[in-house]
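Shown next, in structure tokens, is the structure this report addresses.
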Amino acid sequence: MKVRNIALGSLLAGALAVAGSGAASANMTWCVSDPPIQIVTPGGHTMVVNNLVYLPPQALHLKNLITDDATAVSNGHGGTLITVHVHVPSSVGRAHVVSSANRFQVSTQQDGEATITLYLDVPLT
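According to the numbering used here, the sequence shown is numbered sequentially starting from 85.
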């Protein structure tokens, strides 16, 4: 009885593994990682902001036209508010951007077209 249950379980696991490895969807997105942006806080500290831009597959050839910039101001509570602008070519259509300051484990994400604005509030001035 136990051998039969093990054999049946193994067959079922193999069938699920084969079924789960099907072809990827045509709607899959591609991720583009821009070089990190170095920014100086109002208190004089240097921080790094990373941006990941997710594009539809048909717009992947435009990835080198994506630019980004960031500014930092005091948030009024002893920290820094970083405003990130990611500029995506209008022919891309809709893009998804994830912006993060990994040192402080702060991130935010936004969908949009053309210029996508994100805000990071970090505890360092």
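Quick reminder that beta carbons are idealized off the backbone N, C-alpha and C, glycines included.
Residue range of the beta strand (DSSP E) that includes residue i
i: S184; result: 179-185
i: L165; result: 164-171
i: Q194; result: 190-196
i: A143; result: Unbroken run through A143: none, as it is neither H nor E.
i: N135; result: 130-139
i: V157; result: 151-158
Own chain partners of residue i with C-beta closer than 7 angstroms, once the 5 adjacent residues on each side are dropped
i: S109; result: With a pLDDT of 43 at S109, under the threshold of 50, the predicted position of this residue should be treated as unreliable, and no value is reported.
i: G177; result: P140, A143, E197
i: I123; result: M131, V133, A154, A156, I166
Nonlocal neighbours in the same chain, by C-beta distance under 8 angstroms from residue i, ignoring five residues either side
i: D205; result: N159, G163, T164, L165, I166, V190
Identity of the residues DSSP links to residue i by a beta bridge
i: I200; result: V170
i: I121; result: V133
i: V176; result: V176 pairs with nothing; no bridge assigned.
Sequence-distant residues of its chain with Cβ nearer than 6 angstroms to residue i (five each side left out)
i: A107; result: Any answer about A107 is weak, because its pLDDT of 45 lies below 50 and its placement is not dependable; what the coordinates show is given next. Same-chain partners within the cutoff: there are none.
i: P173; result: L146, L149
| query | Between the segment 140-147 and the segment 190-200, are three or more C-beta pairs nearer than 8 angstroms? | reply | Remark: fewer than three beta-carbon pairs, one from each stretch, lie closer than 8 angstroms, so the segment 140-147 and the segment 190-200 are not flagged as touching.
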